[in-house]
Amino acid sequence: MKALLAASIAVLLSTTAYAVEPVGSDGFNTDPGFDLGTLSADNFYDVIVPLAKTEGTLTLYDFTDSFGPLFNDHLIPEFEAKYGIKVEYIRGEGAAANQQLIAAHKAGAKAPADAYFVSSGGLPLLSGEGVVANVPLVELLPNGAALDKTIATITGGIDHGGTFLPFHRNQTDIVFDTRAVPADVVPTDLDALAAWAKANPGKFIVTSPAGGGSGNGFMQSIAFAKVTDATCRATFVKYDITAAQADAFAASDCMTPVWDYYRDILPSVEITNGNSDTLNLIANGAGSIGTAWEDMAYDFSGRGLLPPTVRQQLLSEGQVGGGDGLFFPVNGSHPAAGLLMLDFLISKDVQLEKLSINGSRSARTDIDPAQTFTPEQVARLIPTDQFASRAIERMPAVLNDQLTAYFVANVLRK
Numbered sequence: 049m050k051a052l053l054a055a056s057i058a059v060l061l062s063t064t065a066y067a068v069e070p071v072g073s074d075g076f077n078t079d080p081g082f083d084l085g086t087l088s089a090d091n092f093y094d095v096i097v098p099l100a101k102t103e104g105t106l107t108l109y110d111f112t113d114s115f116g117p118l119f120n121d122h123l124i125p126e127f128e129a130k131y132g133i134k135v136e137y138i139r140g141e142g143a144a145a146n147q148q149l150i151a152a153h154k155a156g157a158k159a160p161a162d163a164y165f166v167s168s169g170g171l172p173l174l175s176g177e178g179v180v181a182n183v184p185l186v187e188l189l190p191n192g193a194a195l196d197k198t199i200a201t202i203t204g205g206i207d208h209g210g211t212f213l214p215f216h217r218n219q220t221d222i223v224f225d226t227r228a229v230p231a232d233v234v235p236t237d238l239d240a241l242a243a244w245a246k247a248n249p250g251k252f253i254v255t256s257p258a259g260g261g262s263g264n265g266f267m268q269s270i271a272f273a274k275v276t277d278a279t280c281r282a283t284f285v286k287y288d289i290t291a292a293q294a295d296a297f298a299a300s301d302c303m304t305p306v307w308d309y310y311r312d313i314l315p316s317v318e319i320t321n322g323n324s325d326t327l328n329l330i331a332n333g334a335g336s337i338g339t340a341w342e343d344m345a346y347d348f349s350g351r352g353l354l355p356p357t358v359r360q361q362l363l364s365e366g367q368v369g370g371g372d373g374l375f376f377p378v379n380g381s382h383p384a385a386g387l388l389m390l391d392f393l394i395s396k397d398v399q400l401e402k403l404s405i406n407g408s409r410s411a412r413t414d415i416d417p418a419q420t421f422t423p424e425q426v427a428r429l430i431p432t433d434q435f436a437s438r439a440i441e442r443m444p445a446v447l448n449d450q451l452t453a454y455f456v457a458n459v460l461r462k
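So in our numbering the end of the sequence shown lands on 462, straight run, no missing numbers.
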């Protein structure tokens, strides 16, 4: 039987057109036991599904604290039912898992997992250590065709050619309670928001940039809107910036409009130390408008932790977001099953289900929640047209960290 399967696969591979090529090298940096150089999106299922079923199992790693129910209760059972392949699901702290994978690679051992879901912030380390297979997944996987090509090939300023798949997209935004601020009068830009805050002291709840991602996302969004000098703005996409350079930039005239904006609103707003703290103040009526993560606010609303009158929006200048992704490791134990899982996770049905359950956005270009979600679910999300036109890629992590430190030391505490 195995001989017949091998012969069938050989025939399929020998007739392949438009096979994928390795990224950044003349050869692939992993040998899965089948010829990657003859695979394409056209023959992917014909070749990979039989091989994956023969392997019979795979290990999926997840770095998050929040996606466990999604994987355990929904995605993994669905994959197992569809393909008859058993999934071992591992969750753990991201930095430790990255080091475990690197150590296995250096020792010539098999990778601990066959498909990885990791923070995008770990990509430079993982790529530099050679543990990410140089397979252009966005071209090889049939479901890769629907991904936004820029998001699917560039992550944090790294042009990886599609070796790192965008699985989870997140977005900072503004939430407001329509009982206090009706949708037709809510401020929709930064200047209007500042004016509203001063007219309604204590009702605009702002997460500190040092206390949560929605806070430093708001800081970055202010910078993108208020810093207009082209030379200054070039720093926002300088992904090789050093901490010393970022420190100097934070104290430079470039950032003066940002710090001036904060100094203007700080006497009138409530600063919190965390994303949940901000949402809790909105929930109990202490605040009416706040900074937030879309997925967290969506989740809080779905669980009744925010009233159904809360809505989300992106300011007209745009607000920052980002995401985390998937990769195919070098030297996995079950490579065909790993590839099949990666394709499954970026499929339209899975991405819609993820959005429905977790409020986790997608890099697919063919998803419109209004077409498939209930009106109640749609109302809990940022309007689709705003997400499509106002989402901005976040700044380099080093720059964000140093801007946050400067804000705390020189703006918040002054």
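Every residue gets a Cβ at the ideal spot worked out from N, C-alpha and C, and that includes glycine.
Just so it is clear, the structure is predicted and the values come from calculations on it, not from any experiment.
Taking residue i as part of the alpha helix (DSSP H), name the residues at either end of that continuous run.
{"i": "Y309", "result": "304-313"}
{"i": "P230", "result": "Careful: P230 lies outside any alpha helix (DSSP H) and carries neither H nor E."}
{"i": "E93", "result": "Just to set this straight, residue 93 is Tyr in the shown sequence, not Glu. Its alpha helix (DSSP H) spans residues 92-103."}
{"i": "E342", "result": "342-350"}
{"i": "V368", "result": "Careful: V368 lies outside any alpha helix (DSSP H), inside the beta strand (DSSP E) at 367-375."}
{"i": "T326", "result": "323-331"}
{"i": "I430", "result": "Taken as a continuous stretch (DSSP letters only), I430 belongs to no alpha helix (DSSP H), as it is neither H nor E."}
{"i": "F119", "result": "It is not in any alpha helix (DSSP H) - F119 carries neither H nor E in the DSSP assignment."}
{"i": "P383", "result": "383-393"}
{"i": "L241", "result": "238-247"}
{"i": "S269", "result": "261-274"}
{"i": "F455", "result": "445-455"}
{"i": "D544", "result": "Here the chain covers residues 49 to 462 and nothing more, so residue 544 does not appear."}
What's the gap between the Cα of residue i and the Cα of residue j?
{"i": "R428", "j": "L327", "result": "14 angstroms"}
{"i": "P249", "j": "A334", "result": "11 angstroms"}
{"i": "F348", "j": "T86", "result": "47 angstroms"}
{"i": "D121", "j": "L99", "result": "26 angstroms"}
{"i": "A134", "j": "E128", "result": "The amino acid at residue 134 is misidentified as Ala; the sequence shows Lys. One C-alpha to the other measures close to 6 angstroms."}
{"i": "E467", "j": "V166", "result": "In the structure displayed, the chain extends from 49 to 462; residue 467 sits before or after that span and is not available."}
{"i": "S464", "j": "G366", "result": "Residue 464 lies beyond the stretch modelled for the chain, which goes from 49 to 462, so this question has no answer here."}
{"i": "L447", "j": "G104", "result": "45 angstroms"}
{"i": "F212", "j": "L185", "result": "7 angstroms"}
{"i": "S395", "j": "N406", "result": "16 angstroms"}
{"i": "R311", "j": "L400", "result": "41 angstroms"}
{"i": "K274", "j": "K402", "result": "34 angstroms"}
{"i": "L195", "j": "A242", "result": "37 angstroms"}
{"i": "A55", "j": "P214", "result": "Only weak support is given to the placement of A55: the predicted model assigns it a pLDDT of 46, under 50, and the value that follows is read from those uncertain coordinates. In a straight line, the C-alpha of A55 is about 35 angstroms away from that of P214."}
{"i": "W244", "j": "F392", "result": "45 angstroms"}
{"i": "G265", "j": "Q425", "result": "24 angstroms"}
{"i": "L460", "j": "A299", "result": "14 angstroms"}
{"i": "V68", "j": "V456", "result": "48 angstroms"}
{"i": "T236", "j": "V317", "result": "17 angstroms"}
{"i": "A240", "j": "N321", "result": "24 angstroms"}
{"i": "N379", "j": "A143", "result": "20 angstroms"}
Assuming residue i contacts residue j under a Cβ cut-off of 8 angstroms, what Cβ separation, rounded to an integer in Å, is found between them?
{"i": "S404", "j": "W341", "result": "Contact doesn't hold; Cβ gap of about 17 angstroms is too wide."}
{"i": "E126", "j": "T107", "result": "Not really, about 17 angstroms apart at Cβ, beyond 8 angstroms."}
{"i": "I270", "j": "L238", "result": "6 angstroms"}
{"i": "G338", "j": "V223", "result": "5 angstroms"}
{"i": "R139", "j": "G371", "result": "Not confirmed; about 18 angstroms, so no contact."}
{"i": "Q361", "j": "V233", "result": "Their Cβ separation, rounded to whole angstroms, is 12 angstroms, which puts Q361 and V233 out of contact at 8 angstroms."}
{"i": "P444", "j": "Y287", "result": "5 angstroms"}
{"i": "S256", "j": "I319", "result": "5 angstroms"}
Starting from residue i, trace the beta strand (DSSP E) in both directions and tell me its first and last residue.
{"i": "V358", "result": "358-361"}
{"i": "Y287", "result": "Per DSSP, Y287 belongs to no beta strand (DSSP E) and is neither H nor E."}
{"i": "L84", "result": "Note, L84: premise wrong, no beta strand (DSSP E); not H, not E."}
{"i": "F252", "result": "252-255"}
{"i": "A439", "result": "439-441"}
{"i": "T320", "result": "318-320"}
Practice task
For the region 370-378 and the region 163-180, state whether three or more C-beta atom pairs, one from each stretch, are separated by less than 8 angstroms.
Solution key: Short answer: they touch.
Practice task
Assess, as a yes-or-no matter, whether the region 135-147 is touched by the region 347-360 under the definition of 3 or more beta carbon pairs within less than 8 angstroms.
Solution key: Judged by pairs of C-beta atoms under 8 angstroms, the region 347-360 does not touch the region 135-147, as fewer than three such pairs exist.
Problem - Ordered list of alpha helix (DSSP H) runs contained in the region 181-215, each at least 4 residues - result: Within the region 181-215, the complete alpha helix (DSSP H) runs of at least 4 residues are 185-188, 197-201.
Problem - Segment contact flag, the region 187-194 with the region 160-169, C-beta cutoff 8 angstroms, min 3 pairs - result: Contact between the region 187-194 and the region 160-169 is absent, because fewer than three Cβ pairs lie under 8 angstroms.
Handout entry: Stretch-stretch touch, CB-based, cutoff 8 angstroms, three pairs: the region 277-284 with the region 204-216
Key = Fewer than three beta-carbon pairs drawn from the region 277-284 and the region 204-216 are found closer than 8 angstroms, and the two stretches are therefore not classed as touching.
Practice task
Examine the Cβ distances between the region 89-97 and the region 377-395 and report whether three or more of them are shorter than 8 angstroms.
Solution key: Yes, the region 89-97 touches the region 377-395.
Problem - Every unbroken alpha helix (DSSP H) inside the region 123-188 [4 residues or more] - result: Along the length of the region 123-188, whole alpha helix (DSSP H) runs at least 4 residues long occupy 124-131, 142-154, 171-176, 185-188, reported in chain order.
Practice task
At 4 residues or longer, and completely inside the region 401-426: list those alpha helix (DSSP H) runs for me, N to C.
Solution key: Within the region 401-426, the complete alpha helix (DSSP H) runs of at least 4 residues are 417-420.
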